[in-house]
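Residue numbers (my numbering): 1415 to 1574.
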């Protein structure tokens, strides 16, 4: 499948693109509003609701904006490299969970986020809106998040 054809088909399937798709495909998060699909040999996620997709998009924009210094990005809105975007998505959601559940931070740490939208709903109730979230605290989780390493340096279990 040619790339242009792939992109057109993807946009048709995922009318409401899930902006936390990288977190979902890395099996670090789930969301009750996500719809998983396969297109050619690639997987993707769409959102069942345009309004909820907009909430997620806004949160991700705020996470990216507030993590510019940590990621050494100078221009707001600049497309992030793949691994940096994974750090923002997973680290940002874990950081949000940590500030919402400060008593349970050690309990949850690196565990799966069960429902992205439930986390956003809780944040909106607790902080009134996305602008008043404690981003300086959330960004600490983005800074400390390390994506899983693959390939180099990985020792085989079959060696004696």
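We put the CB at the ideal spot given by N, CA and C, even for glycine.
Return the first residue and the last residue of the beta strand (DSSP E) that residue 1448 is part of.
1448–1453
Could you compute how far the alpha carbon of residue 1486 sits from the alpha carbon of residue 1434?
21 Å
Going straight from the alpha carbon of residue 1545 to that of residue 1534, what length do you get?
12 Å
Short Cβ contact (8 Å threshold) for residue 1506 with residue 1466
no
Please name the residue or residues paired with residue 1426 in a DSSP beta bridge.
Paired residue(s): none; residue 1426 is not in a bridge.
Based on the DSSP output, what are the partners of residue 1457 in its beta bridges?
1452
Endpoints, the alpha helix (DSSP H) within which residue 1540 is located
1530–1541
The alpha helix (DSSP H) that contains residue 1440, what's its start and end?
Note, residue 1440: premise wrong, no alpha helix (DSSP H); not H, not E.
Going by beta carbon distance, what residues of the same chain come within less than 7 Å of residue 1498, once the five residues before and after it are set aside?
1485
Taking its Cβ as the centre, do 16 or more other Cβ atoms sit within 10 Å of residue 1483, making it buried, or is it exposed?
exposed
Could you give the distance in angstroms between the alpha-carbon of residue 1422 and the alpha-carbon of residue 1453?
11 Å
Just to confirm, are residue 1502 and residue 1481 a CB contact at a threshold of 8 Å?
yes
Identified DSSP bridge partners for residue 1527:
1443
Pick from 1536, 1539, 1478 that is closest to residue 1555, judged by C-alpha positions:
1478
How many angstroms separate the CA atom of residue 1437 from the CA atom of residue 1473?
14 Å
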